[in-house]
Amino acid sequence: MNTDAIATEHAARLSAADSLLPLSEPLDNTGEDTVLEVRKDDSGAIGLATRSEIAADFSDSLWRALIEHRLTLRLAGPQPGEVLGDLLALWNSHLAEVAAPGDWDTAAVVVRPSRDPAGSAELLRHGFAPVRVLAVRPADRLAAPGPAAEPGVRIRPAGQDDIDTAVRLHTELLRYDADFGGVSPRETAAELLAADVGKELTRTNPTLWIAELYGGPLGLLQIQLPPESDWARRYVRAERVGYLSTLHVAEAARSSGVGSALAAHAHQLFDEAGTDVVLLHHALANPRSTPFWCAQGYRPLWTYWQRRPAVPAASL
C-alpha cells in the first residue's frame, strides 16, 4: 500500500464516519518535520511528527504545555489499530531523541476524529489519555428567535469596570480545568488574563459578556465571530464558523440557569452573524462541562489524546 493509497482511503473513511469533518488533505511537511511510515500486509499508517514551542509570557501558554509534539495521522487498511501501534512505537523512539524525559512542560498530542475510534486501544497502551474535545454545534435555523429569559439573570457586554471580575472568573476556570490535564496554570496567569481582557474591551463590537444573577456578576462569556474565527474552518466542513472561547459560571451561581442563559445568548449572537456551526474546546473528563455542552446541542468532533510529559521519566 503506497502513500497515495493510504491518504485516499483515510479520507474516504473519515468522510463516511462524520459528514462534518473537513476534507482530508495531504500532510503538509515543512521540511523540518519528521515523516514516519508503517506498512503491514494490506494496511498502512503515515504520521507527520511536528514540534511547536511557546513562551511562558504568552497567554496561550495557559492552555497547553510550552513544548508540544504532535503526530498527524493517515490510516488505511483492515488493521488500522495495529499499524497505529507500530507508528506510535516509532514516534516514541523519535521523541526519546528530542524531548527531555519527565519534563512536565512537554506534551505528546494526537488529535483523532471523535467518530473514528480506530487505534484508541493502542493510544491507551502507549500512555495517552483523551483529555479534551473540539465539539461542534450546527446552527439551528428552526429554533424560536431569541433565548428564553431566566429569572434574575441579566447578560450585558463587559466594560472597563469588569476587568477584575473577568480575570477572577477566567482564573477559576483555569484552576478547575487544571485537574484534567489540558491547561497549565502559571504564576503570571492573572497578568496574562488581564492583558487579554483589556484587549477584548477595546473592540467596537462586544465579544466579552458578563452575566449577573440578581445584580451579582457571576458568569462570563467570550466568543469569536467571523472573520476572526476563520482559523477554525480547517477543523470542520462549513463556510462560516463561530468559536465559543469561554463560558464559566461561579460556584455560587451553579444550577441557577446562568450557564444556560449565557449559552443561549451566545447562540443568538452566532445566529445573527450567520454562522453555519459553532466550535468550542472543553475538558473531556470535566464532570460539569461534558454533560452541559451535550445538553446545549454540542457533540465531539475531534478528540485530543495527550501524554504529559511527552517522554515519561525513566523508572528507577
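For the sequence shown, UniProt numbering gives the first residue as 1, with consecutive numbering after it. Every residue, glycine too, gets a C-beta built ideally from N, C-alpha and C. Computed from a prediction, not measured in an experiment: that's the story for all the values here.
Reduced DSSP category for residue i - H, G, I as helix; E, B as strand; rest coil
{"i": "R240", "result": "coil"}
{"i": "H126", "result": "coil"}
{"i": "S255", "result": "coil"}
{"i": "A283", "result": "strand"}
{"i": "R137", "result": "strand"}
{"i": "P113", "result": "strand"}
{"i": "T8", "result": "helix"}
{"i": "E97", "result": "helix"}
{"i": "L90", "result": "helix"}
{"i": "L221", "result": "strand"}
{"i": "T246", "result": "strand"}
{"i": "R233", "result": "helix"}
{"i": "R132", "result": "strand"}
{"i": "V83", "result": "helix"}
Enclosing beta strand (DSSP E) for residue i [first to last residue]
{"i": "Y214", "result": "First-last for Y214: undefined, no H or E at that position."}
{"i": "E68", "result": "67–76"}
{"i": "L20", "result": "Per DSSP, L20 belongs to no beta strand (DSSP E) and is neither H nor E."}
{"i": "E191", "result": "Not the beta strand (DSSP E): E191 falls in the alpha helix (DSSP H), residues 189–200."}
{"i": "W104", "result": "Taken as a continuous stretch (DSSP letters only), W104 belongs to no beta strand (DSSP E), as it is neither H nor E."}
{"i": "P300", "result": "299–307"}
{"i": "T34", "result": "34–40"}
{"i": "S157", "result": "According to the sequence displayed, residue 157 carries Pro and not Ser. Counting along the chain, the beta strand (DSSP E) containing P157 begins and ends at 153–157."}
Boundaries (first-last residue) of the alpha helix (DSSP H) holding residue i
{"i": "G44", "result": "No alpha helix (DSSP H) holds G44; the beta strand (DSSP E) holding it covers 43–53."}
{"i": "Y176", "result": "163–177"}
{"i": "W293", "result": "289–295"}
{"i": "V183", "result": "First-last for V183: undefined, no H or E at that position."}
Proximity test, residue i beta-carbon vs the ligand PLP heavy atom, cut-off 6 Å
{"i": "E251", "result": "The model on display carries no ligand, and the ligand PLP is accordingly not part of it."}
Exposure label - residue i; buried when at least 16 CB within 10 Å
{"i": "S19", "result": "exposed"}
{"i": "Q222", "result": "buried"}
{"i": "G47", "result": "buried"}
{"i": "R175", "result": "exposed"}
{"i": "Y304", "result": "buried"}
{"i": "R112", "result": "buried"}
{"i": "R70", "result": "buried"}
{"i": "L193", "result": "buried"}
{"i": "D162", "result": "buried"}
{"i": "A211", "result": "buried"}
{"i": "S93", "result": "exposed"}
{"i": "D177", "result": "buried"}
{"i": "Y214", "result": "exposed"}
{"i": "R58", "result": "Correcting the residue identity first, residue 58 is Phe in this sequence and not Arg. Looking at its Cβ environment, which holds fewer than 16 other Cβ atoms inside 10 Å, F58 is exposed."}
{"i": "W231", "result": "exposed"}
{"i": "L218", "result": "buried"}
{"i": "T165", "result": "buried"}
{"i": "G198", "result": "exposed"}
{"i": "T202", "result": "exposed"}
{"i": "V275", "result": "Rather than Val, the amino acid found at residue 275 in this sequence is Thr. Burial call: buried."}
{"i": "L124", "result": "exposed"}
Presumed contact (8 Å Cβ cut-off) between residue i and residue j, rounded CB distance
{"i": "Y243", "j": "Q224", "result": "4 Å"}
{"i": "D42", "j": "A139", "result": "Not confirmed; about 41 Å, so no contact."}
{"i": "G44", "j": "V35", "result": "Not really, about 13 Å apart at Cβ, beyond 8 Å."}
{"i": "G14", "j": "S184", "result": "Residue identity check: residue 14 is Leu in the sequence provided, not Gly. Not confirmed; about 30 Å, so no contact."}
{"i": "A283", "j": "V131", "result": "7 Å"}
{"i": "V236", "j": "V136", "result": "6 Å"}
{"i": "A65", "j": "T3", "result": "Not confirmed; about 30 Å, so no contact."}
{"i": "H248", "j": "E172", "result": "6 Å"}
{"i": "S120", "j": "P300", "result": "Incorrect: roughly 13 Å between the Cβ atoms, too far for contact."}
{"i": "R234", "j": "P22", "result": "6 Å"}
{"i": "P101", "j": "P312", "result": "7 Å"}
{"i": "L208", "j": "A158", "result": "4 Å"}
{"i": "A273", "j": "P226", "result": "6 Å"}
{"i": "F128", "j": "Q306", "result": "6 Å"}
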